[in-house]
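Here's the structure, in structure tokens; my notes come after.
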Amino acid sequence: KATYAAMISYLDEQVGELVSVLKETGQYENTIIIFTSDNGPSYVQPLDLNYFESTGFLNNHPQRVKGKVYEGGIRVPMIVHWPRNIKEKRVSNHISSFQDFYATVLDLLKLNKPNYIDGLSYLPTLLNNKQPKHEYLYWEFASRGGQQALRYGKWKAIKTNLQKANDNFELFDLEKDPKELYDISINHPDVVKKIEKILIEARTRPALKNFYLKSLDSD
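For the sequence shown, the positions run 72 to 290 when this note's numbering is used.
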């Protein structure tokens with residue numbers, strides 16, 4: 072744990088040095104600094120939820136952690152610092168995904184995005200302009216039983232146990248239930264049917280068998 076604490080301190084120190092160099096060289100005002108995470112709180116030692124008296128366990132509810140496709144595992148904040156173009160303390164609720172980073176960089180460089188790229192540039196959000204939105208966002212994780220998730224407007228669908236034949240489908244209304252406590256799939260069969268169709272269309276079979284979902288990729 073002491074090593075991990077030192078790593079955090081070192082990261083903070085290095086970011087500070089980077090900012091200092093940018094200021095010294097006159098590049099600070101026109102440099103984009105992005106700080107985010109690719110997952111929610113960890114659940115393994117030494118990065119457990121109770122480390123540093125973390126409230127991650129309370130905030131993310133049981134099982135809503137790294138390695139899960141529930142909101143606590145995949146929903147993270149992103150801090151963007153770009154003095155010349157972003158006003159301080161501005162907040163955006165735009166929903167993005169890591170697949171959008173590449174598209175955003177291409178947009179910043181004024182390069183065309185290849186047709187095979189799923190990501191959407193979030194540069195309009197950074198510049199406080201009208202932002203195109205994804206019709207849906209898709210996640211897949213072969214570990215922890217095999218999981219799929221799909222964000223479709225206010226709806227969030229999750230399928231688990233995909234390494235077995237008896238996969239489980241849950242549907243949540245994130246506007247009313249952001250903690251995903253109440254499965255309402257039985258009340259919205261039309262939404263379930265639509266999302267099931269998208270789950271099939273959105274998915275590409277993994278090239279490596281290590282990432283197969285047995286109920287979907289069995290030969």
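A virtual CB, placed ideally from N, CA and C, is assigned to each residue, including glycine. Note that the structure is a prediction, hence the values are computed from the model and not measured.
Query raised in the report: Going along the chain, which residues of its own chain have a beta-carbon closer than 7 Å to the beta-carbon of Ser167, five neighbours each way excluded?
Result: For the purposes of this step, residue 167 is taken as residue 96 along the sequence shown, with counting starting at 1. Closer than 7 Å at Cβ, skipping near neighbours: Tyr193.
Query - Range covered by the alpha helix (DSSP H) that runs through Gln234 - result: On the sequence shown, residue 234 is found 163 positions in, with the first residue counted as 1. Neither: Gln234 is in no alpha helix (DSSP H) and is coded neither H nor E.
Query raised in the report: Looking at C-beta atoms only, is the number of pairs between the stretch 264-284 and the stretch 228-240 that lie closer than 8 Å three or more?
Result: Yes: the two stretches touch, three or more of their Cβ pairs being nearer than 8 Å.
Query raised in the report: Which first and last residues belong to the beta strand (DSSP E) in which Val263 is found?
Result: Residue mapping note: residue 263 aligns to position 192 of the sequence shown, counting from 1. Careful: Val263 lies outside any beta strand (DSSP E), inside the alpha helix (DSSP H) at 260-273.
**Report entry** Pro185 burial status per 10 Å Cβ neighbour count (16 or more: buried)
**Finding:** Position 114 of the sequence shown, counted from the first residue, corresponds to residue 185. With fewer than 16 Cβ atoms within 10 Å of its Cβ, Pro185 is classed as exposed.
Query raised in the report: What span of residues does the alpha helix (DSSP H) with Phe282 cover, start to end?
Result: One-based indexing of the sequence shown puts residue 282 at position 211. Per DSSP, Phe282 belongs to no alpha helix (DSSP H) and is neither H nor E.
Query raised in the report: First and last residue of the beta strand (DSSP E) that includes Asp244?
Result: The residue labelled residue 244 in the question sits at position 173 within the sequence shown. Unbroken beta strand (DSSP E) run through Asp244: 239-244.
Query raised in the report: To the nearest angstrom, how far is it from the Cα of Tyr81 to the Cα of Thr196?
Result: On the sequence shown, residue 81 is found 10 positions in, with the first residue counted as 1. On the sequence shown, residue 196 is found 125 positions in, with the first residue counted as 1. Going by the C-alpha atoms only, they are around 31 Å apart.
Requested in this report: Measure the C-alpha to C-alpha separation of Asp248 and Val92 and round it to an integer number of angstroms.
Outcome: Within the sequence shown, numbered from 1, the residue matching residue 248 stands at position 177. Within the sequence shown, numbered from 1, the residue matching residue 92 stands at position 21. So the two alpha carbons sit approximately 44 Å from each other.
Query raised in the report: What are the uninterrupted segments assigned as beta strand (DSSP E) that are 3 or more residues long and contained completely in the stretch 197-227, given in chain order?
Result: 208-212, 218-223
Query raised in the report: What are the boundary residues of the alpha helix (DSSP H) that includes Thr74?
Result: Along the sequence shown, one-based indexing puts residue 74 at 3. Residues 73-95.
Requested in this report: Kindly indicate which three-state DSSP category Ile105 falls into: helix, strand or coil?
Outcome: As a position in the sequence shown, residue 105 is number 34, starting the count at 1. Ile105: strand per DSSP, three-state reduction.
**Report entry** Coil, strand or helix - Phe128 by DSSP
**Finding:** Walking along the sequence shown from the start, residue 128 turns up at place 57. Residue confidence is low: Phe128 scores 46 on pLDDT, short of 50, so the model does not pin down where it sits. No coordinate-derived value is stated.
Query - Spatial neighbours of Asn101 in its chain, beta-carbon cut-off 6 Å, leaving aside the 5 residues before and after - result: As a first step, residue 101 is located in the sequence shown; it is residue number 30 there, counting from the start. Closer than 6 Å at Cβ, skipping near neighbours: Arg155.
Query raised in the report: So, helix, strand or coil for Ile257, using DSSP?
Result: Here residue 257 corresponds to residue number 186 of the sequence shown, with the count starting at 1. Ile257: helix per DSSP, three-state reduction.
Query raised in the report: Under the rule that 16 or more other beta-carbon atoms within 10 Å means buried, what is Gln219, buried or exposed?
Result: Taking the first residue of the sequence shown as position 1, residue 219 is located at position 148. Buried, because 16 or more other Cβ atoms sit within 10 Å of the Cβ of Gln219.
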